[in-house]
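These protein sequence lines map, in sequence, to chains A and B.
Heads up: the first sequence begins at 1 in the working numbering, then just goes up one per residue.
Heads up: the second sequence begins at 149 in the working numbering, then just goes up one per residue.
Comments concern the structure below.
Protein chains: 2
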Amino acid sequence: MNSSRITFTLNELVYVLNSAADRHLRANFDLTYSQFLFLVTLMSQNKPTPSFLAECLGVSRAAVSQRLPWFQDRELVTVSRVSGNEKNLSLELTRKGEALATQSADFLEKEFRVLFQNTDSVDLDDLDKTLRRVKQLLFRNRELRNAA
Amino acid sequence: MNSSRITFTLNELVYVLNSAADRHLRANFDLTYSQFLFLVTLMSQNKPTPSFLAECLGVSRAAVSQRLPWFQDRELVTVSRVSGNEKNLSLELTRKGEALATQSADFLEKEFRVLFQNTDSVDLDDLDKTLRRVKQLLFRNRELRNAA
DNA sequence: CATAGTTTGTCAAGTAGTTAACATCCATGA
DNA sequence: TCATGGATGTTAACTACTTGACAAACTATG
Chain A
1 MNSSRITFTL NELVYVLNSA ADRHLRANFD LTYSQFLFLV TLMSQNKPTP SFLAECLGVS
61 RAAVSQRLPW FQDRELVTVS RVSGNEKNLS LELTRKGEAL ATQSADFLEK EFRVLFQNTD
121 SVDLDDLDKT LRRVKQLLFR NRELRNAA
Chain B
149 MNSSRITFTL NELVYVLNSA ADRHLRANFD LTYSQFLFLV TLMSQNKPTP SFLAECLGVS
209 RAAVSQRLPW FQDRELVTVS RVSGNEKNLS LELTRKGEAL ATQSADFLEK EFRVLFQNTD
269 SVDLDDLDKT LRRVKQLLFR NRELRNAA
């Protein structure tokens with residue numbers, strides 16, 4: 001078969017899903033999808049440095065540095081120095097930020113459950129497993145390991 | 149299961165694949181992945197208007213309009229008016245543009261075949277079919293139909 | 001201890017997209 | 001026929017990223 005066809009299919013599917021997530025988040029939480037990812041990723045870590053968060057998000061340190069003021073202005077994230085360490089910053093969700101991250105994640109989860117409820121003919125657990133398998137297999141490849 | 153997990157898996161897989169494609173294209177053809185998509189999409193249509201090409205690429209008309217000079221400067225694409233139609237422009241690959249699109253697509257196809265050659269334990273045809281099925285099913289949903 | 005190297009965070013400049021506004025061209029129907 | 005409405009292509013201003021350069025702060029080694 002045409003082996004690049006599957007990459008197009010994947011891209012299309014991801015586009016549809018991310019667009020849906022973005023619309024839900026904008027409509028209900030005044031949040032873009034990428035702002036949502038920022039908050040959720042930050043929540044999943046324990047007071048990360050900007051540098052580490054950048055790595056988790058797959059963007060540059062500069063990108064995180066530039067976006068921080070937006071979250072600080074809205075009192076969603078606090079930036080602090082750890083005493084005895086003049087070099088690294090420490091990022092943390094505020095109570096408000098944590099509430100927003102949790103609520104929006106729960107909401108999205110519920111929406112996707114509805115979205116997927118009619119896909120009876122497809123075993124989604126199975127599909128997830130297969131996709132992870134493919135990712136793992138591709139990852140064995142030295143070229144790809146360097147990318148991520 | 150956590151139904152949003154699959155969306156993360158999909159995003160990660162797409163990121164890995166697109167990064168690999170981008171690196172191959174830059175290294176071998178001085179082309180970014182999105183420039184490649186521009187050329188390949190243009191090639192797959194018969195002298196489309198910028199507006200139609202934008203729709204195919206899933207970007208705005210403004211984006212296509214802004215990028216056209218880059219391709220014209222490199223003599224990869226010609227922009228012309230159809231006589232008797234003062235409104236629409238007509239886009240076409242030059243001979244050089246067509247050669248580049250064809251060669252880079254063939255190259256990428258070959259590389260992905262190598263990449264996928266060790267995924268014996270996964271039936272990629274089957275996976276592609278399943279992904280298309282999921283996309284179809286989600287598409288039934290009125291909300292998503294409006295997005296794409 | 002000094003110093004050479006590494007990591008971090010930020011800034012500046014560049015790229016690729018967006019939306020909104022606009023002029024222009026074409027089609028359509030009163 | 002002509003006025004109006006819709007689609008097209010361009011521009012301007014904005015957003016979110018990139019890379020490269022940099023200073024400051026740590027780390028490790030002679």
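Every residue gets a Cβ at the ideal spot worked out from N, C-alpha and C, and that includes glycine.
As the structure is a computational prediction, the values presented were derived from the model and not from experiment.
Chain B residues whose Cβ lies nearer than 7 Å to that of residue i
i: Y107 of chain A; result: Reading off the sequence, residue 107 of chain A comes out as Phe, not Tyr. Simply none; closest approach about 11 Å.
i: T130 of chain A; result: V270 and L275
Residues near residue i in its chain [Cβ-Cβ closer than 7 Å; skip 5 each side]
i: K47 of chain A; result: S90, L91 and E92
i: T32 of chain A; result: D22, L25 and R26
i: F264 of chain B; result: L272
Neighbour list for residue i in chain B, Cβ cutoff strictly below 8 Å
i: K135 of chain A; result: T157, E160, L161 and V164
i: S121 of chain A; result: R281 and L285
Assigned exposure category for residue i - 16 Cβ within 10 Å defines buried
i: S252 of chain B; result: buried
i: E259 of chain B; result: buried
i: R81 of chain A; result: exposed
i: R67 of chain A; result: buried
i: Q136 of chain A; result: exposed
i: Q45 of chain A; result: exposed
Distance CB(residue i)-CB(residue j) smaller than 8 Å
i: L100 of chain A; j: L13 of chain A; result: no
i: G58 of chain A; j: V77 of chain A; result: no
i: F107 of chain A; j: N28 of chain A; result: yes
i: V282 of chain B; j: T119 of chain A; result: yes
i: L131 of chain A; j: T155 of chain B; result: no
i: R5 of chain A; j: D274 of chain B; result: no
i: T102 of chain A; j: E75 of chain A; result: no
i: E86 of chain A; j: N150 of chain B; result: no
Within chain A, the residues that residue i reaches when beta carbons sit closer than 7 Å
i: G206 of chain B; result: Y15
i: S152 of chain B; result: L108, E109 and F112
i: N194 of chain B; result: The contacting residues do not exist; N194 of chain B stays about 20 Å from chain A at best.
Contacts around residue i, its chain only, beta-carbon distance under 8 Å, and the 5 residues preceding and following it disregarded
i: L37 of chain A; result: L57
i: R209 of chain B; result: P198, S199 and A202
i: Q72 of chain A; result: T78 and V79
DSSP-derived helix/strand/coil call for residue i
i: R222 of chain B; result: coil
i: S80 of chain A; result: strand
i: L91 of chain A; result: strand
i: L286 of chain B; result: helix
i: G58 of chain A; result: coil
i: L31 of chain A; result: coil
i: N18 of chain A; result: helix
i: A295 of chain B; result: Low per-residue confidence applies at A295 of chain B: pLDDT is 49, beneath 50, and the placement is therefore not dependable, though the value from the model is reported in the following sentence. Helix, per DSSP.
Proximal residues of chain A, C-beta to C-beta of residue i below 9 Å
i: T250 of chain B; result: Under the 9 Å cutoff, chain A gives no residues; its nearest Cβ is about 13 Å from T250 of chain B.
i: L190 of chain B; result: Those do not exist, as L190 of chain B stays about 16 Å from chain A at its closest Cβ, beyond 9 Å.
i: N176 of chain B; result: Chain A residues near N176 of chain B: none, gap ~13 Å exceeds 9 Å.
Per-residue contacts from residue i into chain B (C-beta, under 9 Å)
i: N118 of chain A; result: L285, L286, R288 and N289
Residues near residue i in its chain [Cβ-Cβ closer than 6 Å; skip 5 each side]
i: V212 of chain B; result: P198, L201 and A202
Heavy atom of the ligand MG within 7 Å of residue i beta-carbon
i: F38 of chain A; result: Absence of the ligand MG from the depicted structure is noted, as is the absence of any ligand whatsoever, leaving it without description.
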